[in-house]
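Below you'll find the structure, written out as structure tokens, and then a few comments.
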Amino acid sequence: MQNYLLPLETGKVYHIYNRGINGSNIFFEERNYGYFLEKYAQYVGDWVDTFAYCLLKNHFHLLIRVKDLPDTDQESTHLKGLHSSNNFLSKHFSDLFNAYTKAINKARQRTGGLFETPFKRILVKDEAYFSRLIGYIHHNPQKHGFVNDYRDYTHSSYHSHLSLRNTKLSRDEVLGWFGNRAAYADFHDSLYNEQGLSDLIIELD
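Next comes the structure, spelled out in structure tokens:
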């Protein structure tokens, strides 16, 4: 049985995911997706290497590696009590969710929480699982019926890895695991049949 609340440790790779309370929506209009990524970059991006993401109406997936903690003054009030990577990064994710929820509540004249707590995570232990997990994350919109073809979905990192444009993703490392862009695309095509991803389906879905 998966331990979905395991600690976030420096240097390790995790599949992070969460959804709206009781499966309700967390993204309501197009601009919400970009705003979430902006807040992610602001609160979390400096402390992780981001390999892949997918944002759907009622949940999201991230594939990250935890970076080393910054050098800190033990007397710093901002970081006091947050010197473990788990506490430090968990607080930054909490800040992300709170900032995004505050903006959504203001825009939609609502109150209360938006995300289920705590957010879940799975430790990624081997490279073969890593590669297939990237495919799983990018195929998620097709799996849930948002598009007929995962390549048509605009709120995932699939096309960012194929692009030559600047990105905050750890694109070179991802492509290095697959070999090149063509191999990356071919691998995703080979997983087009959901049977190739059945062992990766998680309870969130």
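Counting with my numbering, you get residues 116 to 320 for the letters of the sequence shown. Beta carbons are placed, not taken as given, at the ideal position from N, Cα and C, and that holds for glycine. None of these values were measured; they are calculated from a predicted model.
*Thinking I141 and N173 are a contact (beta carbons under 8 Å), I'd like their distance in whole angstroms, please.*
6 Å
_With H, G and I counted as helix, E and B as strand and the rest as coil, what does DSSP make of N281?_
coil
_Bounding residues of the beta strand (DSSP E) (the contiguous stretch that carries F166)_ = V163 to L170
*asked:* Looking at V181: is its Cβ nearer than 8 Å to the Cβ of T232?
replied: no
_Neighbourhood of G138 by C-beta, 6 Å cutoff - its chain only, sequence neighbours within 5 removed_ = N173
*alpha helix (DSSP H) containing R266: first to last residue?*
Unbroken run through R266: none, as it is neither H nor E.
*asked:* In whole angstroms, give me the CA-to-CA distance for K240 and V128.
replied: 7 Å
*Of the residues Y155, H253, W162 and Q157, the one placed nearest S275, counting alpha carbons only*: H253
_If contact is defined by three or more beta carbon pairs under 8 Å, each pair taking one atom from either stretch, is the stretch 280-300 in contact with the stretch 200-214?_
no
*Supposed close pair S285, F166 - CB separation, criterion 8 Å*: 5 Å
*Simplified DSSP assignment, three categories, for F143*: coil
*Should I179 be labelled buried (16 or more other beta-carbon atoms within 10 Å of its own) or exposed?*
buried
*Member of R280, L229, N255 and K221 whose CA lies at the smallest distance from the CA of H303*: N255
*Where S272 and I237 are concerned, what is the direct C-alpha to C-alpha distance, given to the nearest angstrom?*
19 Å
*asked:* Tell me the rounded alpha-carbon separation between R247 and C169.
replied: 14 Å
_Can you give me the C-alpha to C-alpha distance between S305 and Q224, rounded to a whole angstrom?_
44 Å
*CB-CB under 7 Å to Y268, same chain, minus the five flanking residues each way: which ones, in chain order?*
P256, F261 and V262
*Cβ atoms of G160 and K283: under 8 Å apart, would you say?*
yes
*asked:* So, at 6 Å on beta carbons, what are the nonlocal neighbours of F245 in its own chain, with the 5 sequence-adjacent residues on each side left out?
replied: V239
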